[in-house]
Amino acid sequence: MKRSPASVVVVAQHGPEGRARADFLARALRPSLGVRDELVVVADGEPGMSEIAAARLDDAQDLAARRLSGARRAKHAVTVLVCADCLPPSHAIDPLVVAVAAGSVAAGPLHDLGVGRQCVTAPVKALASPQALRDWARVWRDEHRGETRTVPALGEGVIAVRTDALLADGGLPGLGERLGAVGTLTVVADSVWHHRGTRGCGLAPRRAPLLSAVYIVKDEEELLPSSLAALEGVADEVVVYDTGSTDRTVEIARAAGARVVLGYWDEHFGDARNRALSHAFGDWHLQVDADEVLEVGDVALFRRALQEATTEALAIDVENITGNGMGTPQTGLVRRLARRDEGWFAGRLHEEVLHREGRGPVQGALRGVTLVHSGYLAARTEERDKAGRNLRLASLGLADAVPEGLTKGTALANLARSQRFAGDNEGVLRTAALAEGESFPPINWRELCHAAAVAAASLGRFDVAHEWLDKLTASMTDPVGSYEIAAEVLLAEGRYEDVLDVVSRMPVEGKDENNRVVRRDGALTFEIAALSRLGRAPEAAWRVVEVVRTGSMNISLERVLALFEAEPAALDAYVAALHDSMVMLTLAESRWVRPERADALLEAMWRAGRARSAVLAAATVVAPRLTVLRALEWAARLRGAGVSDCALVALARDTGRSPRDRVLAAALVIEAFGDDRTMPDLVAAAELIPDAEADAVGAELRTVAPRVAAQLLAA
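What follows is the structure, given as structure tokens:
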């Protein structure tokens, strides 16, 4: 590559380690230098290569002053300033000098401590050795050859600058920002450097925002607006990495002021998050999904906590809402905040934040901040086929966990959880059998024991289930976290009294070994099932009423309404106890339960005067599945509210109903409401009545709709 000559200035920290690093870098740079280039090393002691020029130093100089001292030795039109803590790629200097010669006032490479568009994160396996890093960088360079990016600021770890602009500026640090006022700043995407030293070298512009919220999304137009709105006034910037949306997701994100990156999906959550993170500027990054809403009690206190934090990462409460959305949420501390220059993501599924060196970060906890996650609501899980996706990714993740810095135990636990989620109980036990001799983080070991115990119980292998339950309990100093799992195993075993005993020992609210919230009401499903099978259904019904008064409901509406069939008074109490926030969710779920049970609920809510407009809306779905006369009652209520497309019209046109029901429904629309638009439906259905049933249907018609019957006979 033909280019102008350049002065390359390598600057090291004080001391022998700085000298050694400078000499190492100088040797690594030698193949990249042209015959007219000069190399100046600013470091303590004598240079390790006789042909290297050395600047005279004052021992008291800080790093910035040392760099300026070296820059003043430059004799070429372009000066390349390099921190000695860097590892260069092959052909390290050429593309940077060419970019400056092409008109930029300064140019920099991609590197792992860069900011925003100057950042690239190498995978853990590339950090195994300098050669592995160079190999990875070579592949990256081939894929991004010739690509450049214009940026508002450049990091100063490696920066090629027009020498006249450098000397005119007269000061470091802050050079990478100030030069933006002089001319164009360019990032050369096919030049990748790695920084291996401390944060004290100050490679990034210092005026970075405090907090970046970083998403990866696909087709999230429904949920993204509320998630983004919750970040207003909390995050300084929002990065949305889109993996191929076909709906309005990208438009919504841009309208909200987010930095949108049009990316891709490669079946790896960790890699996707790292690509998203490379576009974030903040000192801290928050991992957030479109189906999550951030709740911050005191924003000023939250931001001050980030500014004053001394740890590398912070865990916050994540509240998982599951099932129908009304159950006791599963809440626990999860590492979601990390320093951008130290944290990165590992793991194909259930990715987690690690330090960029591949170890777990030094972590603290931040209270008063909660992410409310609705991604595992039953309807959304089915719609997105999350069970199938998780199983696929967890299977792939078993092979690449260790190279990414995770233990094989973590990968086994993730696979077992995914197999259980997908209903593959035999697969769970096969995976659990591989655990012998493997190393597990405590939380992952408990997750594996949980999955194996429940899977074995589901298969009727209760001895195996109790073995895994015992292993789970043995891993805990307090067994409270095992009680709900024990209740599930005992229920499958038919030991109903033991289920009630275990549930009675659960706290109203406590914490398990994984710092997750444990509540007695969370085991309501097992408690109610045990009571019912012991012949204590009325007691079970009133227990449901007791729990719903707390604002949660962990069991399906179908099961709740089945209990109330044996205790009708409990239904009215249940309706009265429903929190306002639960009414709409309950009505939405009523569409999927047996029609007669849904009808009983809607009638009780109508009598109680609860959300009558919403009750009528639910009735438009439920009533057409009821008897004709019951549908007539709801039709009258709907028409009284101005809804002419009532339940009877829908029933008359439902080809899935019997011809007899359709005839009577169509006739009642005409008879009761004077609406003759269903006459064609009546005639069409009447032609389908079998001869053997004609007289009986005619008699019914004369009873419920005498005028219509007379009109038909006259015709």
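First residue of the sequence shown? That's 12 in the working numbering, and the numbers climb one at a time after it. By construction, the Cβ of each residue, glycine as well, lies at the ideal position given by its N, Cα and C atoms.
Length of the line joining the Cα atoms of residue i and residue j
| i | j | result |
| --- | --- | --- |
| P606 | L640 | 14 Å |
| H122 | R457 | 38 Å |
| A324 | P372 | 6 Å |
| W147 | P220 | 30 Å |
| A705 | C657 | 27 Å |
| L407 | V364 | 19 Å |
| I700 | A707 | 10 Å |
| V571 | E499 | 19 Å |
| T5 | P549 | With the chain running from 12 to 726 in the structure shown, residue 5 is simply not present. |
| A725 | R664 | 25 Å |
| D396 | L402 | 10 Å |
| A676 | A697 | 12 Å |
| E28 | L36 | 12 Å |
| D300 | V108 | 40 Å |
| D591 | M616 | 12 Å |
| A554 | I566 | Checking the displayed sequence, the identity of residue 554 turns out to be Arg instead of Ala. Computed Cα separation, rounded: 12 Å. |
| Y507 | R544 | 7 Å |
| S563 | A433 | 26 Å |
| T9 | E154 | Nothing about residue 9 can be reported from this structure: the residues present for the chain run from 12 to 726 only. |
| T209 | A357 | Below a pLDDT of 50, predicted positions are generally treated as unreliable, and T209, at 46, falls in that range; no measurement from the model is reported. |
| G336 | G244 | The pLDDT assigned to G336 is 45, lower than 50, so where the model puts this residue is not dependable; a value taken from the coordinates is nonetheless given after this. For G336 and G244, the distance between alpha carbons rounds to 28 Å. |
Own chain partners of residue i with C-beta closer than 8 Å, once the 5 adjacent residues on each side are dropped
| i | result |
| --- | --- |
| T488 | E524 |
| S450 | T418, K419, G420 |
| E682 | V715, A716, P717, R718, V719 |
| E711 | R671, L675 |
| L727 | This structure does not reach residue 727, given that the chain is present from 12 up to 726, and the question cannot be answered. |
| M690 | A677, I681 |
Residues bridged to residue i (per DSSP)
| i | result |
| --- | --- |
| F356 | V364 |
| T90 | S18, V172 |
| W295 | L222, R350 |
| P303 | Sequence check: residue 303 is Glu here, not Pro. Its beta-bridge partners are H384. |
| V475 | In DSSP, V475 forms no bridge with anything. |
| K229 | Answer is none; K229 lacks a bridge partner. |
| T806 | With the chain represented from 12 up to 726, any question about residue 806 goes unanswered, as that position is not in the structure. |
Residue i, buried or exposed, once every other Cβ within 10 Å from all chains shown has been counted against 16
| i | result |
| --- | --- |
| L297 | buried |
| R673 | buried |
| Y275 | exposed |
| A17 | buried |
| S655 | exposed |
| Q430 | buried |
| V310 | exposed |
| E62 | Caution applies to E62, whose pLDDT of 43 falls short of 50 and renders its modelled position unreliable; the model cannot decide the point. |
| E362 | buried |
| V19 | buried |
| A580 | exposed |
| R608 | buried |
Under 8 Å between C-beta atoms of residue i and residue j
| i | j | result |
| --- | --- | --- |
| A464 | L445 | no |
| T161 | L186 | no |
| H205 | A133 | yes |
| T638 | L649 | no |
| A88 | S202 | no |
| A534 | M517 | yes |
| R347 | I327 | yes |
| R621 | V604 | no |
| A171 | A110 | yes |
| V11 | A349 | The structure shown does not extend to residue 11, since the chain is modelled only from 12 to 726, so the question has no answer here. |
| V514 | K522 | no |
| L40 | P99 | yes |
| L317 | L222 | yes |
| V131 | S385 | no |
| L423 | L470 | no |
| L501 | V491 | no |
Close beta carbons around residue i, own chain, < 6 Å, minus the five adjacent residues each side
| i | result |
| --- | --- |
| L68 | Summary for L68: the model assigns pLDDT 48, below 50, so the residue's position carries little reliability; its value from the coordinates is reported in the next sentence. No residues qualify anywhere along the chain. |
| A33 | V21, A23, V52, A54, A95 |
| F473 | E504 |
| A646 | C657, A658, L659 |
| S256 | K229, D230 |
| V193 | V116, A176 |
Chain-order list of residues whose beta-carbon lies under 7 Å from that of residue i (same chain, five-residue window excluded)
| i | result |
| --- | --- |
| R189 | D180 |
| T322 | V373, Q374, G375 |
| T561 | D532 |
Closer than 7 Å: residue i CB and nearest the ligand GTP heavy atom
| i | result |
| --- | --- |
| V555 | Inclusion of the ligand GTP in the displayed structure is not the case, the ligand content being empty and no account of it being possible. |
Interface flag, residue i vs chain B, CB-CB below 8 Å
| i | result |
| --- | --- |
| A629 | Among the chains in the structure shown there is no chain B, since it carries only a single protein chain. |
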